[in-house]
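> Below is one structure. I have some questions about it.
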Amino acid sequence: MEIYWLLGIPLTGGTFLALWGCRRHAPEINALFSLATLLAAAFLTNRIIVDGPMMVGNGWFFIDSFNVFLVALTAFVAFTTALFSRPYMRIEAEHGKLNDKRLRLYHSSYQIFIAAMLLALTTNNMGILWVAMEAATLATVLLVSLYRTPASLEAAWKYFILCGVGIALALFGTILLYFAAEKLLGSGGTALLWTHLNGVKAQLEPTVLSLAFVFLLVGYGTKVGLAPLHSWLPDAHAEGPTPVSAVLSGLLLNVALYAVMRSKVLVDGALGNDMAGNLMMGFGLLSVVLAAFLIKRQTDVKRMFAYSSIEHMGLITFAFGMGGAVANFAALLHMTMHSLTKSAIFFAVGHATQKAGTQLMANIRGLIKTNPTIGWGLMLGTVAILGVPPFGVFASEFLIITTAMHEHPWATPFLLLALGVAFASIFGKVQPMVFGETELPKLPYQPALAPVFLHLGLVLMLGLFIPPYLAAWYKQAAHLLGG
Amino acid sequence: MATLSLFPSDPVQWAWGIVLFWLALGFASLLLQGSQRLLTRLLFPLGALGALAIAGVGAVGLSAPASSIVLPIGLPDLPFHLRLDALSAFFMVLLGGVAFGITVYASGYFRSMAAGPLALLSLWYHLFLAGMVTVLLADDAYAFMVAWEVMALSSYFLVTTDHKVPEIRSAGFLYLLIAHVGAVSLLLTFGVLQGGHGDYTFDTMRLAEMTPFWASAAFLLALFGFGAKAGLVPMHVWLPEAHPAAPSPVSALMSGVMLKTAIYGLLRVTFDLLNIQIGWWGTLALALGLITALYGVIFAAVQSDMKRLLAWSSIENIGVIIAAFGLTLIFYTDGKGALAALTLTALLYHALNHAFFKGLLFVGTGSVLHATGVRHMGHLGGLMRFMPWTAWLTLIGALALAGLPPLNGFVSEWLLLQAFLFTPGLTQPYLNMVIPVAAAAVALAAALAAYVMVKFYGVVFLGQPRDPVLHHAHEAGWAERLGMLWLAAGCVLLGLFPAQVIEWLTPVVRLLTNQTLLNDGSWLMLAPVSAERASYAPLIFFAVVAVVLGLTVLWVRRVYHGRVRRSDPWDCGYPEQDARMQDSAEGFGQPIRQIFEVFMKIERETPDPFSRTPRYRGASLDKLWFILYAPIARVADWLSQQAGRLQHGRIQWYLIYSFVTLIFLLIFTTR
Amino acid sequence: MSTGILLQLAQTLLAILLAPLLMGWVNQCRAWLQGRSAPPITQPYRTLRKLFHKDAVIAHHASPLFRFAPYMIFACMALAAGIVPTLANDLPFSPAADVIALVGIFALARVFLALAAMDIGTSFGTLGARREMLVSFLAEPALLMVFFTASLISQSTELPVIVETLAHREFALYPSLAFAAVAFWMISVAENARIPVDNPTTHLELTMIHEAMILEYSARHLALIEWAVALKLFTYSALGIALFLPWGIAEQGELGMLPLALVAMVAKLLAGGAVLAFLETISAKVRLFRAPEFLGTAFLLAVLGMLIHFMLEV
Amino acid sequence: MSVTYHLQIVNFLAALLLLISFAMLSQRRIAGLITLFAWQGAALATSAALVGWSTGQHHLYYSAALTLVLKVIAMPWFFFRLVRKLDMDRDVEPMINIPTTMLIGIVLVIFAFNLAQPISELSGTVMRSTLGIALACVLLAFLMMITRSKAIPQVIGFLAIENSLFFAATSATYGMPLVVELGVALDVLVGVLVMGIFFFQIRETFDSLDLKHMEKLKER
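Next up, the structure:
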């Protein structure tokens, strides 16, 4: 039952906000809908905790420990982002960057976007999964170009074309999957249901599946932002409004990776070798290294953190590629940590850039003086994302690296190199932003930084203590992914 | 393995309790942001008490059997394991003893600081202490790494306390960067150590069977990781930047204590976690250590910033310790247990001593900094007259660092040299060739240390003030004096009662080498192995010198007179003598600079003969930076440039990337 | 034991009293060799007496350290003289400090002298201190290496033990000891501020090292320092004798040997002093920056001595 | 028995699709491109209907109808209107010259056939080779997107990919489940709308639909 609430609330929210437009309290309503979604997600999660994985709507929806925590995470971050965007977008409007039409567009498609992601996560049908992913893309394209600046248009266009093509390839993969499945499950609705496929994955035709996986990987991998398919990501994440960047980096990438993993499970079952794993490790490693070196030359703060998203997605993909209970566990943990931390960073960065009136790091200085909370938020967030304990990101990196060391030692030099370069680059650029002197005036209004510290607090907590049931989920999920 | 109970029963629980206490203090200081008085007069003294307690716990733990607890925090399958054995206990004594003095000092030192920043500083300060103790307690890789990085991070924030200064910012950055890289390599070490079964507790690592190859890999990674923290050449570049940048008590903690945690880690991994040791590790460590020692002391001799000078001398001492570590390994792998015990004793002893005198010297410079606001030795001088307490107490530290009897610095050097004298027993002949040279290098380093200390002390405290402002220099407050007094007392006592200290060290030595170093002498005489062979009785030494001194004074006074006339110093027929004619710091270092010019990149600005206000600037920079680090940076830049080209901006190119990737994968998978 | 104490005191006092005599003897020899009319051999005593009677003149801003240093230096040298076996071999003090500690004592005295020199803050004092430390940082490890060679042969760093073994071994030629002896000579020349490294009689600021440090001292302080210098020379000579021609030093408890030992010692000292004076006369003072090379050579020889011991003698 | 010559027709249509893809690859004028696109859609619809009829998969009729409405009527009309509005129906030189493109295209086709070979072996459906052809069309359309430097041709290339996918779905697997079909169709529709909005936005910002203006975001 909760599942329908979960999907229904944001959908109605989208339509309602589209109609309501930008009358008063539109942002509040947005936040309210997100809150409701969060509650629904909470109930759903609770249900899952109580009575395990379940199938809803005669098999159209399937919720297990793998996607339920992603659902909870998505709903949570969506809510906090809505909270953050309330003052943020108002200021943007006051600065004259936005007009009412666009605010309406923003609010409604924000909800639609959330709905699409939740659908992608909860559906049991690989086809619908594809549809939802495409919908999520379409919902965000116009958000990226919300400012109508040439740069934002260009970014949105690249985002649209590249992800469109990518996702089209994913569709081809899905077709191949169906093609292989229908011989076993017969044509018609059930042949694309993941649960059914999972049941018969051993008999699926290997050649077709390997081909299908290539298409699925390239397709969804484009949305994950795996190098060399990542080219759209920095543009899209940097040029859109900050709340959008936050959800794109924090959530959409996860969802795409989720799709990849769902297919990996099937392919592994069918092939029986670790071809899929190796491919993912390759992509992951390439992304980590390439992103690290690209970070080094960034001047735009949001762009830099977009690249850092690529890096972390690469790390996660690498971990999933290694497979095994520990690595999968670590990857899932890292997904969570990255979402929380990266969105927190984007919140802080958003306020910082808004105050400085630019995204160029060279012009942002001495935050700690102008607004200590933003400064410390950014500093701690950065430290956290760079994998410094006691923040949770380290917990997962710890597991990933140590596992890599004794399973694939050849990969560790690259990881060491990339982590070092990324650390040097990001920290070296953030430190002068936070510390030092500045002539900028103090912030006129009180920024909404509760989300930042909420997220960072969670990350810190998870670094030191992971609640048993959460750990249990991760373990189940890791097991389900072939741990 | 007891679980954490509310009332601590065994040492490890006490230790953990104190860690929590420190954390509480740290966060309390955030609440006390308003009141500077409470912060300095309440929080820091409490923190100092905690340190004292830690020292006590360590002292108990030295003799007590190893105790351990498991905390309900950490990773799901890997809760924090804490364990307190003799090794950790020893380093806890070191930490607590030194940190007590430094924190007492700090409670006075920071009274001039504004409340807001001070609260933050106090938070990081106590986090730093807690982190270091947890490093010593950790009994699984995760807890260790968390504590390790908490230590690094908090010390980074301490270093950048005065972040308005760009140099300090860059120093902090360099520090945290190298610390992080080192930490990652430690991660890899543990990845190797856990040897397959994904269990990261030290207990399982102790049992893991290693092939020589993987063991060596682990050792090298550990040497790199811990060396980066300890300031082992060539990973030392951050140290002379970061230590001076921090507020003096923090510098004292970092140099005196934090570096030792790296030594602790090295010992822990090499002798405890790894269950095979290989000879060439020792040779490598010995070589690196000696290079570090000489490199450090040479650069210390040419510094003109007093804190930087001390930082370089820390590098030297770390080098000596690492060399001792290498020698221990050599003996140990050669089956010479007793000698390994001797060398290890020297190592631990020197670590302890260095902690005390380096802490003392750093806080001493702190008082100077407070009194004068000057760090550059070229503007100091003659302070002995304005701040006698600081001067005399610092003198003790300086003499100890110079390795002069009867103070503590000498004892450890004496032990180390003794160890070198035993090398003929070694089986590998090639070592017999190497060791004498090594001994010579240690002796050379010690002698140069004396040079450095004369320079440091003479230029800062003796002579005439090189700057008129110094005449207003004021003596340190009572809290500072108390702290310095404590540390100085440590230097003296450790020097006078080596026999006792060695007795205390016995459990540690036995733990690591399964051997005990028997002291053949009585309680007042130190005679390792056999009194026939070598002995040193600082008390007698001290007594004799004192008696002779006293007698001489009495005799001179009695037989002759004590008349004294005051006058100007002899001006050699040149009336315009002034303070600027004394040797500057650069001048004092000049001979060393001339001799060891090879290692330095020297930047000089000499004034032209006719300038009205002649200014001389000379800096001897670390050449390693230019031949090692700069190229790395360049390569990274170049690579990132190449990577940047991929991000071409043209959508067709991006499409081509996807296209080619697709085709490639299709070919790759279907063949 | 009590006899030991007595012996110890006797020897120490003897050393303290005889030291200026040795100095005087060396000066006399030099004078002869240079064809000057020699001062009486007791000249050093007269100088000391004169100095003790004078009023001390001290710079206005001299710190207590300045006045404390001479006593410290004197005490150190006295202790050093006490633990080097000159007459007898069983000395209660000697376990208190072995050869390494002996080097430590010298270093302690030197550091105090240098600090005292820097205390007044004249250009000379600092200059002298710097040069002194420059000389010492090479001489000290070299001296240590010399001792190491000896103690590697005798398996001990205890002077009495060393002397005993060296004295009572069946006569065998130790090439390592030869190297060590040469090194030791060079070192003691440098340490005692003699030509070619330093010139005890000059006051020319371009060349002086030791004198530059004690320029500010006068009267009793100067006297103590001069005496300490004499003691140092004495101690070094005694050391050289003990290490390289140790025959004739009284054994444990052989009180009967003492007179003979005394004679032997005096003879050796006279000879040694003469040799020193001779070598000083025939060699010329080197430039200051040659000094490190000179000492570097000494250091090298000492290390070579050790290496040779390792290669040939074990 | 009737199946066989349905089969022949569908195979013929497949060949036609391939041909059209090549034609698109070589087409310089945008208007021509749009026409070709419409033809492609038509061929697609017929093949879908045929397959539906011959195999009794009736939901394929919906798909066929959808295709007819969307891809043969709505979109081409929309594009023509656009082109007229922004009047830009003139020759556009592709990035790589036509003959080279053709050669690459042929290589791609061979590659695709080889790739599809083992799969079509297992295909239980009537049309074996269609999958290979579909794949070939996908790659060709992709190639076309790469070679075009204007917005509209690129989009048409994108839609051509969509078409070939649809063809694969219908011919090789008798169509996806209906829900999926509908979802896909919906997405395509929305996508096209979004594109339309885009065209106008781009036009009003850069007053041209040339992608050359959109190469600012890069690493400098």
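Protein chains in written order, with the numbering used here: chain A, 436 to 918; chain B, 10 to 680; chain C, 33 to 346; chain D, 29 to 248. Note that CB positions come from ideal geometry on N, CA and C, so glycine has one too. From a predicted model like this one, the values you see are computed outputs, not experimental measurements.
1) Can you tell me whether DSSP reads residue 653 of chain A as helix, strand or coil?
2) At which residues does the beta strand (DSSP E) containing residue 84 of chain B begin and terminate?
3) Between which residues of its own chain and residue 632 of chain B is the CB-CB distance below 7 Å, once the five residues before and five after are set aside?
4) How big is the Cα-Cα spacing for residue 472 of chain B and residue 362 of chain B?
5) Residues in its own chain within less than 6 Å of residue 533 of chain A by CB, not counting five upstream and five downstream?
6) Going along the chain, which residues of the region 148–165 of chain B sit with their C-beta nearer than 9 Å to a C-beta in chain C?
7) Taking Cβ positions only, does residue 172 of chain C come closer than 8 Å to chain B?
8) Check whether chain B comes within 8 Å of residue 40 of chain D, counting only Cβ atoms and requiring the distance to be less than that.
9) For residue 178 of chain D, would you say it is in contact with chain B, using Cβ-to-Cβ distances shorter than 8 Å as the test?
10) Quick one: using the 10 Å Cβ neighbour count with 16 as the cut-off for buried, is residue 35 of chain C buried or exposed?
11) At a CB-CB cut-off below 7 Å, which residues of chain D make contact with residue 590 of chain A?
12) Measure the C-alpha to C-alpha separation of residue 247 of chain C and residue 391 of chain B and round it to an integer number of angstroms.
13) State the Cα-Cα distance for the pair residue 596 of chain A and residue 720 of chain A, rounded to the nearest angstrom.
14) In the structure shown, what three-state DSSP assignment does residue 10 of chain B receive?
15) Report buried or exposed for residue 478 of chain B, applying the criterion of at least 16 other Cβ atoms within 10 angstroms of its Cβ.
16) Buried or exposed: where does residue 639 of chain B fall if 16 or more other Cβ atoms within 10 Å of its Cβ makes it buried?
17) For the region 116–133 of chain C and the region 530–547 of chain B, state whether three or more C-beta atom pairs, one from each stretch, are separated by less than 8 Å.
18) Once the 5 residues before and after residue 628 of chain A are set aside, which same chain residues still bring their CB inside 6 Å of it?
19) If distances are taken between C-alpha atoms only, which option among B:189, B:177, B:231 comes closest to residue 159 of chain B?
20) Let me check one thing: in DSSP terms, what residues is residue 329 of chain C bridge-paired to?
21) Check residue 773 of chain A in the structure and name its three-state DSSP category.
22) Report the neighbours of residue 590 of chain B on chain C: residues whose CB is nearer than 7 Å to its CB, in chain order.
23) Name the two residues that bound the continuous alpha helix (DSSP H) containing residue 194 of chain D.
24) Entirely within the region 548–601 of chain A and at least 4 residues each: give me those alpha helix (DSSP H) ranges in chain order.
25) Ends of the alpha helix (DSSP H) at residue 163 of chain C?
26) Taking 8 Å as the threshold, find out whether the region 484–495 of chain B comes into contact with the region 107–123 of chain B through three or more Cβ pairs.
27) Could you give the residue range of the beta strand (DSSP E) that holds residue 921 of chain A?
28) Residues in the same chain with beta-carbon distance under 6 Å from residue 635 of chain A, minus the five sequence neighbours each way, listed in chain order, please.
29) Taking only the alpha-carbon atoms, compute the straight-line gap between residue 411 of chain B and residue 458 of chain B and give it to the nearest angstrom.
30) For residue 615 of chain A, name the three-state secondary structure that DSSP assigns.
31) Identify the continuous alpha helix (DSSP H) that holds residue 628 of chain B and give its terminal residues.
32) With residue 311 of chain C as the anchor, note down where its alpha helix (DSSP H) starts and where it stops.
33) Would you check if the distance between the CB atom of residue 784 of chain A and the CB atom of residue 737 of chain A is smaller than 8 Å?
34) Would a check of beta-carbon distances place residue 673 of chain B closer than 8 Å to chain D?
35) Looking only at DSSP bridge pairs, what is residue 576 of chain B linked to?
36) So which residues of chain D does residue 613 of chain A contact, with C-beta pairs closer than 7 Å?
Considering the structure as presented:
1) Here DSSP, grouped into helix, strand and coil, assigns residue 653 of chain A to helix.
2) That run of the beta strand (DSSP E) goes 76–84.
3) For residue 632 of chain B, where only same-chain residues beyond five positions count, the Cβ hits under 7 Å are 608, 609, 610.
4) Just so you know, the alpha carbons of residue 472 of chain B and residue 362 of chain B end up roughly 29 Å apart.
5) Counting only Cβ-Cβ distances below 6 Å, and skipping sequence neighbours, we find 527.
6) Under the 9 Å Cβ criterion, the region 148–165 of chain B contributes no residue.
7) Cβ-Cβ to chain B under 8 Å: yes for residue 172 of chain C.
8) Chain B, which has no Cβ nearer than 8 Å to the Cβ of residue 40 of chain D, makes this no.
9) So, not an interface residue.
10) Under this definition residue 35 of chain C is an exposed residue.
11) Residues of chain D whose Cβ lies closer than 7 Å to the Cβ of residue 590 of chain A are, in chain order, 245.
12) Between residue 247 of chain C and residue 391 of chain B, the C-alpha separation is close to 19 Å.
13) Taking the straight line from one Cα to the other gives about 25 Å.
14) For residue 10 of chain B, the predicted structure reports a pLDDT of 40, less than 50, and the residue's modelled location is therefore unreliable. A value from the coordinates is still provided. Coil.
15) Exposed.
16) So residue 639 of chain B ends up on the exposed side.
17) As far as the Cβ criterion goes, the region 116–133 of chain C touches the region 530–547 of chain B, which means the pair count is three or higher.
18) Annotation for residue 628 of chain A: 494, 559, 560 place their beta carbon closer than 6 Å to its own, counting only its chain and skipping 5 residues before and after.
19) Each of B:189, B:177, B:231 was checked against the Cα of residue 159 of chain B, and the nearest Cα belongs to B:189.
20) For residue 329 of chain C, which the question treats as bridged, DSSP gives no partner whatsoever.
21) If DSSP states are grouped into helix, strand and coil, residue 773 of chain A belongs with the helices.
22) Those within 7 Å of residue 590 of chain B in chain C are 155.
23) If you look at residue 194 of chain D, you'll find it in the alpha helix (DSSP H) that goes 179–195.
24) Runs of the alpha helix (DSSP H) inside the region 548–601 of chain A: 561–579.
25) Here the alpha helix (DSSP H) through residue 163 of chain C covers 155–186.
26) Between the region 484–495 of chain B and the region 107–123 of chain B, the count of Cβ pairs shorter than 8 Å is three or higher; the stretches touch.
27) What is shown of chain A runs 436 to 918, which leaves residue 921 of chain A out entirely.
28) Closer than 6 Å at Cβ, skipping near neighbours: 619.
29) Rounded to whole angstroms, residue 411 of chain B to residue 458 of chain B spans 5 Å at the Cα level.
30) In this structure, residue 615 of chain A counts as helix in the three-state DSSP scheme.
31) Careful: residue 628 of chain B lies outside any alpha helix (DSSP H), inside the beta strand (DSSP E) at 626–631.
32) Secondary structure note for residue 311 of chain C: its alpha helix (DSSP H) is the uninterrupted segment 290–314.
33) Yes, they are a contact pair.
34) Judged by the 8 Å Cβ criterion, residue 673 of chain B is not in contact with chain D.
35) DSSP links residue 576 of chain B through a beta bridge to C:91.
36) Simply 201, 204.
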